[in-house]
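A.B. asks: Each residue of the sequence shown is one higher than the last, beginning at 285 in the numbering used here.
Glycine included, every Cβ here is placed at the ideal spot set by N, Cα and C.
Below is a structure I'd like to ask you about.
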Amino acid sequence: MPGFELFGDLERNEVNDVLDNGVLMRYGFDAMRKGHWKAKELEAQLSESFNVNYVQLVSSGTAAVSVALASAGIGAGDEVIMPSFTFVASFEAIMMLGATPILVDIDETLTLDPLAVKAAITSKTKAVMVVQMCGSMGHMDKLRDICNNHNLIFVEDACQAIGGTYNGQALGSIADVGCFSFDFVKTITCGEGGAIITNNKDYYLNADHYSDHGHDHVGQDRGAETHPFLGYNFRISELNAAVGLAQVKRLPEFISIQKKNYSILRASLAQIPEVTFRTVPEGGEESCAFLNFFLPSLDITRKVSESFKLNGIDACFHYYDNNWHYVRKWDHLKDLKSLFPISKEVKDGLSYLKTKTFEQSDDIIGRNLSCLVKLSWTEEEALTRAKKMAELIKTCI
Ligand SMILES: *Cc1c(COP(=O)(O)O)cnc(C)c1O
285 MPGFELFGDL ERNEVNDVLD NGVLMRYGFD AMRKGHWKAK ELEAQLSESF NVNYVQLVSS
345 GTAAVSVALA SAGIGAGDEV IMPSFTFVAS FEAIMMLGAT PILVDIDETL TLDPLAVKAA
405 ITSKTKAVMV VQMCGSMGHM DKLRDICNNH NLIFVEDACQ AIGGTYNGQA LGSIADVGCF
465 SFDFVKTITC GEGGAIITNN KDYYLNADHY SDHGHDHVGQ DRGAETHPFL GYNFRISELN
525 AAVGLAQVKR LPEFISIQKK NYSILRASLA QIPEVTFRTV PEGGEESCAF LNFFLPSLDI
585 TRKVSESFKL NGIDACFHYY DNNWHYVRKW DHLKDLKSLF PISKEVKDGL SYLKTKTFEQ
645 SDDIIGRNLS CLVKLSWTEE EALTRAKKMA ELIKTCI
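Okay, here's the thing in structure tokens:
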């Protein structure tokens with residue numbers, strides 16, 4: 285992460301191609317667009333790159349999660365199990381549909397602890413959403429088994445792990461339905477954009493219609509299309525899709541740079557006995573968008589985080605003290621500070637957050653640092669950084 289670091293003529297040419305032609309919308313205007321279909325081309329490319337049957341582009345990763353859940357029929361009264369450590373988008377996307385997010389502990393994979401998932405299942409549970417945080421993945425086999433045994437939909441938010449794999453399969457393509465974000469800080473970017481990927485044709489058709497006001501997309505006259513069910517507008521524009529089209533072609537290059545830089549940092553930190561690394565399930569290969577490691581205690585981790593900041597090691601996150609990624613600081617959710625009234629069902633459904641504690645997650649996130657792996661570093665820069673990080677850690681232990 286992130287693709288915005290490497291930006292150039294490829295992206296410019298794709299965008300100019302759209303501007304020169306003049307159709308900025310992904311649907312309709314068939315005669316005017318003279319064969320320009322950037323969103324459709326990007327969907328085809330993503331389908332090939334991730335070896336998945338269906339791809340629906342949308343306006344953001346948050347929209348992708350919401351549309352994915354809607355497409356699988358999740359809504360009012362349903363509970364969706366999600367991790368305590370993720371981006372706020374996870375519960376936003378669930379609550380937008382009137383469903384209730386059920387937050388559970390993570391383990392050292394930095395996402396769902398399968399035991400915590402099992403313990404949280406009720407008669408209202410409809411889905412389990414794994415969030416592949418910081419370039420890696422959860423225990424996919426165990427989570428899949430739980431979903432199969434309890435007849436639950438398995439959702440995979442792979443917004444932060446594009447390019448990672450599990451047993452050779454692309455992250456995002458393993459669960460029943462997966463989501464990507466192409467916002468400005470993700471590994472490949474559209475500026476703003478997202479995608480739903482799935483091998484389930486019904487989910488795909490639902491996503492295709494739902495994200496465009498319910499349009500069935502049959503025929504060449506938008507005005508004459510029918511609306512088999514209610515929808516919304518989560519469309520991506522041709523301009524955003526054009527940027528993504530250039531970026532997705534560079535994904536293999538981006539991943540190989542990330543892997544190289546990640547390896548340099550990891551090799552240096554691995555020499556410190558007090559440093560341990562996140563668990564990556566057997567068969568898993570990280571996208572290497574981040575290097576995540578653990579220190580012996582919360583105090584030491586805070587000290588190292590401070591020392592990194594003071595000494596020019598930027599983009600290393602201690603999520604324990606972060607407002608956006610960890611339940612500890614989500615008071616707006618716990619206090620239900622909404623601009624508009626929230627249904628009684630969701631209010632009651634979320635009351636558990638007033639008292640529930642996340643000791644296991646607190647311990648793990650308290651000791652974790654997550655360092656962004658940049659694409660723009662030279663080998664020399666990565667080596668210098670790796671050495672400096674190790675030195676700073678040693679002074680804090
Ligand atoms: C970025 C992100 C999202 C949301 O994506 P946007 O495109 O910014 O809406 C959702 N989930 C995770 C894990 C993310 O990192």
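Taking 6 Å as the cut-off, does the CB of V415 come closer than this to any heavy atom belonging to ligand 1?
C.D. replies: Numbered from its first residue, the sequence shown carries residue 415 at position 131. For ligand 1, at least one heavy atom lies less than 6 Å from the Cβ of V415.
A.B. asks: Please give the ranges of any beta strand (DSSP E) in the stretch 332 to 399, keeping only runs that are unbroken, at least 3 residues long and fully inside the region.
C.D. replies: 338 to 342, 363 to 367, 384 to 388
A.B. asks: With distances taken from CA atoms, which of G287, T370, I430, S407 is nearest F468?
C.D. replies: In the sequence shown, counting from the first residue as 1, residue 468 sits at position 184. The residue with the shortest Cα to Cα distance from F468 is G287.
A.B. asks: Are there any heavy atoms of ligand 1 lying less than 6 Å away from the beta-carbon of G306, as far as the coordinates show?
C.D. replies: The residue labelled residue 306 in the question sits at position 22 within the sequence shown. No, ligand 1 has no heavy atom inside 6 Å of this Cβ.
A.B. asks: Under 8 Å by Cβ, that's how I've got F578 and R651 pegged, so tell me the actual separation to the nearest angstrom.
C.D. replies: Numbered from its first residue, the sequence shown carries residue 578 at position 294. Numbered from its first residue, the sequence shown carries residue 651 at position 367. Correct: roughly 5 Å between the Cβ atoms.
A.B. asks: Any contact of the stretch 472 to 487 with the stretch 325 to 343, i.e. 3+ C-beta pairs under 8 Å?
C.D. replies: yes
A.B. asks: Enumerated in chain order, which unbroken segments of the beta strand (DSSP E) with a length of 3 residues or greater are wholly contained in the stretch 542 to 598?
C.D. replies: Entirely contained in the stretch 542 to 598, the beta strand (DSSP E) runs reaching 3 residues are, in chain order, 574 to 578.
A.B. asks: I need the straight-line Cα distance from T681 to F466, nearest angstrom please.
C.D. replies: Counted from its first residue, the sequence shown places residue 681 at position 397. Counted from its first residue, the sequence shown places residue 466 at position 182. According to the sequence shown, residue 681 is Ile rather than Thr. Those two C-alpha atoms are separated by around 38 Å.
A.B. asks: With a threshold of 6 Å on Cβ separation, who are the neighbours of T563 within its own chain once the five nearest residues in sequence on each side are excluded?
C.D. replies: Indexing the sequence shown from 1 puts residue 563 at position 279. Once the five neighbours on either side are set aside, the close Cβ partners of T563 are E392, T393.
A.B. asks: Can you check DSSP and say which residues form a bridge with F601?
C.D. replies: Sequence index remark: in the sequence shown, residue 601 carries index 317 (1-based). S654.
A.B. asks: Examine the Cβ distances between the stretch 620 to 640 and the stretch 534 to 550 and report whether three or more of them are shorter than 8 Å.
C.D. replies: As far as the Cβ criterion goes, the stretch 620 to 640 does not touch the stretch 534 to 550, which means the pair count is below three.
A.B. asks: Just to confirm, is the Cβ distance from L290 to L523 under 7 Å?
C.D. replies: For this step, residue 290 is matched to residue 6 along the sequence shown. For this step, residue 523 is matched to residue 239 along the sequence shown. For L290 and L523, no; Cβs fall outside 7 Å.
A.B. asks: Do I365 and V439 have their beta-carbon atoms positioned less than 7 Å apart in this structure?
C.D. replies: On the sequence shown, position 155 is the one that residue 439 refers to. On the sequence shown, position 81 is the one that residue 365 refers to. It is not a contact, given that the beta carbons lie outside the stated cut-off.
A.B. asks: Would you identify the three-state DSSP class for G462, choosing helix, strand or coil?
C.D. replies: The residue labelled residue 462 in the question sits at position 178 within the sequence shown. It is a strand residue.
A.B. asks: Where DSSP assigns a beta bridge to A479, which residues make up the other side?
C.D. replies: To locate residue 479, count along the sequence shown from 1; it is residue 195. DSSP output for A479 lists L341, F464 as bridge partner(s).
A.B. asks: Within a Cβ cutoff of 8 Å, which residues of the same chain sit near V388, ignoring the five residues on either side of it in sequence?
C.D. replies: As a first step, residue 388 is located in the sequence shown; it is residue number 104 there, counting from the start. Correct list, in chain order: I365, M366, P367, S368, L396, D397, A400, V401, A403, A404.
A.B. asks: Grouping DSSP H, G and I as helix and E and B as strand, with all else coil, what is M673?
C.D. replies: Locating residue 673 in the sequence shown gives position 389, counting from the first residue. Correct three-state label for M673: helix.
A.B. asks: Can you tell me whether DSSP reads T409 as helix, strand or coil?
C.D. replies: Reading the sequence shown from its first residue, position 125 is the one you call residue 409. In the structure shown, T409 sits in a strand (DSSP, three-state: E or B).
A.B. asks: Which of the three DSSP states, helix, strand or coil, is assigned to I472?
C.D. replies: As a working note, residue 472 is residue 188 in the sequence shown. Coil at I472, not helix or strand.
A.B. asks: Quick check on the burial criterion: 16 or more other C-beta atoms within 10 angstroms. Buried or exposed for Y604?
C.D. replies: Residue 604 sits at position 320 when you count from the first residue of the sequence shown. Buried: at least 16 other Cβ atoms inside 10 Å.
A.B. asks: Helix, strand or coil for I430 per DSSP?
C.D. replies: To locate residue 430, count along the sequence shown from 1; it is residue 146. It is helical.
A.B. asks: Hey, would you say L676 sits closer than 7 Å to S591, going by beta carbons?
C.D. replies: Translated into positions along the sequence shown, residue 676 becomes position 392. Translated into positions along the sequence shown, residue 591 becomes position 307. For L676 and S591, yes; Cβs fall inside 7 Å.
A.B. asks: To which residues does DSSP link A403 through a beta bridge?
C.D. replies: Position 119 of the sequence shown, counting from 1, holds the residue named residue 403. According to DSSP, which records beta bridges pairwise, A403 is partnered with nothing at all.
A.B. asks: Please list, in chain order, all residues of the same chain as C463 whose beta carbon is under 8 Å from its beta carbon, the five residues on each side excluded.
C.D. replies: Within the sequence shown, numbered from 1, the residue matching residue 463 stands at position 179. G345, A348, V349, A352, V439, E440, D441, A442, C443, G456, G478, A479, I480, I481, listed in sequence order.
A.B. asks: Considering only DSSP beta bridges, list what V439 is partnered with.
C.D. replies: Against the sequence shown, residue 439 aligns to sequence position 155. Answer is M413, V461, bridged to V439.
A.B. asks: If you follow the alpha helix (DSSP H) that E289 is part of, which residue opens it and which one closes it?
C.D. replies: Stepping through the sequence shown from its first residue, residue 289 is reached at position 5. Note, E289: premise wrong, no alpha helix (DSSP H); not H, not E.
A.B. asks: Using a 10 Å radius around the Cβ and a threshold of 16 neighbouring Cβ atoms, would you call Y488 buried or exposed?
C.D. replies: Taking the first residue of the sequence shown as position 1, residue 488 is located at position 204. It counts as buried.
A.B. asks: Are the CB atoms of E325 and L529 nearer to each other than 7 Å?
C.D. replies: Taking the sequence shown and counting its residues from 1, the one referred to as residue 325 is at position 41. Taking the sequence shown and counting its residues from 1, the one referred to as residue 529 is at position 245. A contact, by the Cβ cut-off of 7 Å.
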